[in-house]
Amino acid sequence: MKPAPFAYLRPGTLAEAVAALAGDPGAKVLAGGQSLVPLLNMRLAAPTTLVDLNALPGLDDVTVDEAGVRVGALARHAAVLASAGARRVQPLVGMALANVAHPTIRNRGTTVGSLVHADAAAEMPVVLMLTGGSLEVEGPAGRRTVAARDLFVGPLETSLHHDEIAVSAFFPALAPGAGAAFEEIARRHGDYALVGAGAVVDGDSVRVGFLSVSDLPTVVDLTGVAEADLGEAALAELEPGDDIHATAAYRAQLVRVLTPRVVAAAREHAAPTLGRTRG
Amino acid sequence: MAEELHQIRLTVNGTAHDLRVPARRLLSDALRHDLALTGTHVGCEHGVCGACTVLLDGDPVRACLVFAVSVQGQEITTVEGLTRPDGALGPVQQAFAECHGLQCGFCTPGFLTTITAGIRDNPEPTHDEAREMIAGNLCRCTGYQNIVKAVERAAVLAREGVEGDRPGDGSELEAGQLAGDDRADDAATTGLGA
């Protein structure tokens, strides 16, 4: 199908973009469009105006320092995934991005767009939660920082105001000596995960983030839980959902399987067994 | 109220085109309807099947998930742009003909563009890398085995091409005949037209 008609604005500055968004309560932002355009094509969404960010200068940077990785609003998934600096400073970002759709989608889709789309079945919202990251957001009143824990409020819903634009995302660095891992189970390569999990192990601390399990990307603290109890302990804080792809019972079973596996992989990443190379 | 039209310039296969399109015109439809470049096929129209894949500034994207207005001023390569300047098949096209990498041909334009970029970025793909390269494209005819073979063959042909044994050595004609033979064979054995 084809999208319903909409007005199209292609601002050249961020201030114009914010003003354009504020000018129409039915307006939506277009960046990569790899989640938005399917919704438009299927007429599940019909915004009255699209504000296209693609002509804005200086928003496609991936900047890396010892504190972490900052990703601009127009940085494509492929560019973030290709960043050697990002892989070194916060490996979880690349581990998760490799699971985001297929390379062709990653060439156009943006990491920040994926975050503000706030799909609980998507990888990057969980990574932002798990790393304790944040978004820089520009609105009529200026710029503010929104922490990941304050960002995701419902399925496909964030706490951003209608006239605010996410300018960049920040993924803090993995602590020295800590380890990370990411795994998911999908019916086919590149599909949305039936269940996915990322883990960060830092000394005694064990935290696991889940996608496609609940309505929100959810991080569970499993510090001090015995290896054999990891899956059940995670399930105690999750509410697996039913849909046409998997039953709640099957999702629960996938949590039981994936949780110990991803925690073990994160421990291995933190302290590789002798003779094996670090992932 | 008439829908607003936008004046844009798209450079497709090296030729600049000026066109007036509504904002909601998908790149796939701009290519097919406005520019009559019907080599780009539209399958699912929500980014899953890969048939409409084109190269945007050299990188594969889904033409059905991009608005023409959003890529104004950028360079687009469609399947029509993959032939050699003399009209002979490009290396990926030739490999598909040699390896029987297509049957009905509907998905083929998306495979050809994807693999063209794939072997440019990875000129010597392993078998697993060849499979990974086409993982985002669906084909309901072939079972993929011959497409994977075509990726590997295309990589060889592209490397040979760079070394300069073409063009003008007569092998273009040979490749064309081979492609024709394959199609004739298809029609004879399946009872379906090519």
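Chains Z and C are the protein sequences, given in the same order. Heads up: the first sequence begins at 33 in our numbering, then just goes up one per residue. Heads up: the second sequence begins at 5 in our numbering, then just goes up one per residue. We treat Cβ as the ideally placed atom computed from N, Cα and C, and that holds for glycine.
Residues that residue i contacts on chain C, provided the C-beta gap is smaller than 7 angstroms
i	result
Asp84 of chain Z	Ser74
Asn139 of chain Z	Asp63, Pro64, Val65
Gly55 of chain Z	Ordered by position in chain C, no residue passes the 7 angstroms Cβ test against Gly55 of chain Z, which lies about 16 angstroms from the chain.
Gln66 of chain Z	Gly51, Leu69
Buried versus exposed call for residue i [16 or more other C-beta atoms within 10 Å across all chains shown]
i	result
Thr250 of chain Z	buried
Arg29 of chain C	buried
Ser74 of chain C	buried
Thr112 of chain C	buried
Ile276 of chain Z	exposed
Gln11 of chain C	exposed
His194 of chain Z	exposed
Glu49 of chain C	buried
Asp173 of chain C	For Asp173 of chain C, the predicted model reports a pLDDT of 44, less than 50, meaning its position is unreliable; a value from the coordinates is still stated below. Exposed, by the Cβ-count rule.
Pro172 of chain Z	exposed
Gly44 of chain Z	exposed
His149 of chain Z	buried
Leu177 of chain C	A caution first: Leu177 of chain C carries a pLDDT of 41, below 50, which makes its placement in the model too unreliable to give a value.
Val70 of chain C	buried
Member of the options whose CA lies at the smallest distance from the CA of residue i
i	options	result
Arg75 of chain Z	Z:Ala36, Z:Val94, Z:Glu98	Z:Ala36
Ser200 of chain Z	Z:Arg220, Z:Glu259, Z:Ala179	Z:Ala179
Ala258 of chain Z	Z:Ala49, Z:Val125, Z:Ala296, Z:Gln122	Z:Ala296
Leu192 of chain Z	Z:Arg176, Z:Phe38, Z:Arg288	Z:Arg176
Arg157 of chain C	C:Ala121, C:Pro95, C:Tyr148, C:Cys143	C:Pro95
Gln298 of chain Z	Z:Gly235, Z:His149, Z:Arg219	Before going on, a small fix: residue 298 of chain Z reads as Ala here, not Gln. If we check each option's Cα against that of Ala298 of chain Z, Z:Gly235 comes out closest.
Thr136 of chain Z	C:Asn17, C:Arg36, C:Ala55, C:His45	C:Ala55
Val152 of chain C	C:Leu106, C:Pro26, C:Gly47	C:Leu106
Gly209 of chain Z	Z:Leu183, Z:Leu82, Z:Glu300	Z:Glu300
Glu128 of chain C	C:Thr15, C:Asp90, C:Ala159	C:Ala159
His104 of chain C	C:Leu93, C:Gln149, C:Asn141	C:Gln149
Asp61 of chain C	C:Ala162, C:His131, C:Ala121	C:Ala121
Cys68 of chain C	Z:Pro89, Z:Asn73, Z:Ala110	Z:Asn73
Arg42 of chain Z	Z:Val83, Z:Gly55, Z:Pro79, Z:Pro57	Z:Val83
Leu9 of chain C	C:Pro89, C:Ala34, C:Ala27, C:Gly47	C:Ala27
Proximity of residue i and residue j at Cβ, strictly below 7 angstroms
i	j	result
Ala128 of chain Z	Phe214 of chain Z	yes
Glu271 of chain Z	Ser246 of chain Z	yes
Gly114 of chain C	Glu84 of chain C	no
Phe203 of chain Z	Val252 of chain Z	no
Thr118 of chain C	Thr57 of chain C	yes
Leu86 of chain C	Gln97 of chain C	yes
Val65 of chain C	Asn139 of chain Z	yes
Ala59 of chain Z	Leu68 of chain Z	no
Leu267 of chain Z	Val294 of chain Z	no
Leu14 of chain C	Ile80 of chain C	yes
Val227 of chain Z	Ile217 of chain Z	yes
Val50 of chain Z	Glu168 of chain Z	no
Partners in chain Z for residue i, counting only beta-carbon separations shorter than 9 angstroms
i	result
Ala139 of chain C	His134, Pro135, Arg220, His221, Gly222
Gly54 of chain C	His134, Thr136
Proximal chain C residues relative to residue i, where beta-carbon distance stays under 9 angstroms
i	result
Met74 of chain Z	Glu49, His50
Val312 of chain Z	Given that chain Z is displayed from residue 33 to residue 311, the structure contains no residue 312 of chain Z and the question cannot be resolved.
Amino acids of chain Z, ordered along the chain, whose beta-carbon sits closer than 8 angstroms to that of residue i
i	result
Thr57 of chain C	Thr136
Where residue i meets chain C, residues with beta-carbon distance less than 8 angstroms
i	result
Phe38 of chain Z	Ala27, Arg28
Leu62 of chain Z	Phe71, Ser74
Pro43 of chain Z	The premise fails here: Pro43 of chain Z is roughly 13 angstroms from chain C at the closest Cβ pair, so nothing lies under 8 angstroms.
Problem set entry | Residues in the stretch 208-237 of chain Z having any Cβ partner in chain C nearer than 8 angstroms | His221, Gly222
For this session: Could you run through the stretch 6-30 of chain C and flag, in chain order, every residue whose CB is less than 9 angstroms away from some CB of chain Z?
Result: Glu7, Glu8, His10, Pro26, Ala27, Arg28, Arg29, Leu30
Exercise. What residues in the stretch 96-122 of chain C bring their beta carbon closer than 7 angstroms to a beta carbon of chain Z?
Worked result: Thr118
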